[in-house]
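Novice: Under the working numbering, the first residue of the sequence shown is numbered 1, with each subsequent residue one higher.
Idealized CB from N, CA, C, for every residue including glycine.
Here it is, the structure, as structure tokens.
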Amino acid sequence: MKNATLRNRYAAAVTALCLAAPLALFGCGGAPASSQSDSSQSTEQSGSSQGADAGQNASSSSDSGVKTAMSEDGRLDLLTLVNKEYALPDGWEEKLDLVKVDNSKGETVQIDKIAAKAFEELQEDLRKNEGITIELNSGYRSVEEQKRIWDQFMQEYGEDYVREFVAKPGHSEHHTGIALDAFLIENGIPILTNEEIFAHESTWKIIHSYLPKHGFILRYLNGQEDITGYTYEPWHYRYVGEQAAKEIMDKGITLEEYLDKKPSTSMAASANSGSTSSSSSSSDSSGYGSTSTSGSDSQYGSSGSTSESSTSTSSSATSY
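Encoded structure:
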């Protein structure tokens, strides 16, 4: 009950904050992590073909043994890890080539052109072959915006509350510009609340099976909270390039495991505190698209780990 109450307070606070700052780059009552003032603009895709096939080149190991997968245009290392332990590298945001993508809710999402192109192809593939429609719910959020959110919520709700529900500035995957949240549309109606989202698990499984073909991975697996630090999010995808995506998804592992950067102690227990707990991390590689059998509350963060989302069952599941 305590977690549910906090989550409901968080959802209400997000709504209030959006009303005070409508240009904030985070979701509000189903809105994406984007600037609402641009909602009238049509999708802007880069006219350049450079980077259209970015990330398809094989992931490789540098002299130090670190796996890399550079985008075709050479701007980004698509295997860069951003989580509670690893911060966004200095200068990353200056390298982004953001485009604006409108969704059917009349909202505009910013995302790097590499991921935008790949997501567009994923959408078409799903629509044509499965009759499934997905759209962008959120994408890029700046470190500066995350800091503003963090500071305001810290002042209003206190440290314990913020560290549980909000990613530290510099430690959200949404800073990368190549991570995104998607939402389903069924019979012309957006599927936005957590209750609705998890009622469509069979559809999410189909979507997940298409991800590696287009260079995406399911980032937060069910049962892998100790490794990723976040509960299962069937809507949160990360672009890593086709070869790496296929290897990761085929093995059913996390990005941390693929990069050999699995934490020595539980990421979930750290709850964004910057410290690690003494509990050992568990590994259940069956996480892609699976659901917990212990009840719906386990999907909403009651395991003690932080979900990178607004987890009230009456609010949109978008990552923070």
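1. Just mark glycine 188 as buried or exposed, buried being the case when its beta carbon has 16 or more other beta carbons within 10 Å.
2. Could you work out which residue in Lys128, Glu225, Arg141 is closest to methionine 267 when comparing CA atoms only?
3. Please say whether histidine 236 and tyrosine 220 have beta carbons closer to each other than 8 Å?
4. Just to confirm, are serine 104 and isoleucine 191 a CB contact at a threshold of 8 Å?
5. Based on Cα-Cα distance, which residue from Lys205, Tyr232, Gly241, Thr228 lies nearest to aspartate 260?
6. Express the C-alpha separation of proline 234 and glutamine 123 in angstroms, rounding to a whole number.
7. Let me make sure I understand the geometry here. Which of Glu195, Thr176, Lys95, Pro212 has the alpha-carbon closest to that of alanine 244?
8. Please return the same chain residues whose Cβ sits closer than 6 Å to the Cβ of glycine 170, not counting the five positions on each side in sequence.
9. Report the residue from Ile111, Val101, Ile197, Gly91 whose alpha carbon sits nearest the alpha carbon of alanine 179.
10. For aspartate 102, is the classification buried or exposed, using 16 other Cβ atoms within 10 angstroms of its Cβ as the cut-off for buried?
11. Determine the direct distance from the alpha carbon of glutamate 242 to that of aspartate 322, and round the result to whole angstroms.
12. Quick one, which of Lys84, Thr265, Val99, Glu85 has its alpha-carbon nearest glycine 177's?
13. Go ahead and pull the three-state DSSP assignment for glutamate 156.
14. Expressed to the nearest angstrom, what Euclidean distance is found between the alpha-carbon atoms of serine 138 and alanine 182?
Specialist: On the basis of the coordinates in this document:
1. The residue given as residue 188 occupies position 188 in the sequence shown. In summary, glycine 188 is exposed, with fewer than 16 beta-carbon neighbours lying within 10 Å of its beta-carbon over all protein chains present.
2. Against the sequence shown, residue 267 aligns to sequence position 267. Comparing Cα positions, the closest option is Glu225.
3. On the sequence shown, residue 220 is found 220 positions in, with the first residue counted as 1. On the sequence shown, residue 236 is found 236 positions in, with the first residue counted as 1. Yes. Within cutoff.
4. Translated into the one-based positions of the sequence shown, residue 104 becomes position 104. Translated into the one-based positions of the sequence shown, residue 191 becomes position 191. Result no, Cβ atoms of serine 104 and isoleucine 191 do not sit closer than 8 Å.
5. Residue numbering aside, residue 260 sits at position 260 when the sequence shown is read from its first letter. For aspartate 260, the nearest C-alpha among the options comes from Thr228.
6. Mapped onto the sequence shown, residue 123 falls at position 123. Mapped onto the sequence shown, residue 234 falls at position 234. Cα to Cα, the separation comes out at about 16 Å.
7. Walking along the sequence shown from the start, residue 244 turns up at place 244. Measuring from the Cα of alanine 244, the nearest candidate turns out to be Pro212.
8. On the sequence shown, residue 170 is found 170 positions in, with the first residue counted as 1. Excluding positions up to five away in sequence, the list reads Ala87, Leu88, Val143.
9. For the purposes of this step, residue 179 is identified with residue 179 of the sequence shown, where counting begins at 1. Alanine 179 has its Cα closest to that of Ile111, out of Ile111, Val101, Ile197, Gly91.
10. Here residue 102 refers to the residue found at position 102 when the sequence shown is read from its first residue. Classification of aspartate 102: buried, given that the 10 Å Cβ count is 16 or more.
11. With the chain running from 1 to 320 in the structure shown, residue 322 is simply not present.
12. Working through the sequence shown from its first residue, we reach residue 177 at position 177. For glycine 177, the nearest C-alpha among the options comes from Val99.
13. Position 156 of the sequence shown holds residue 156. Three-state DSSP puts glutamate 156 in a helix.
14. In the sequence shown, residue 138 corresponds to position 138, counting from 1. In the sequence shown, residue 182 corresponds to position 182, counting from 1. If you take the alpha carbons of serine 138 and alanine 182, they lie about 7 Å apart.
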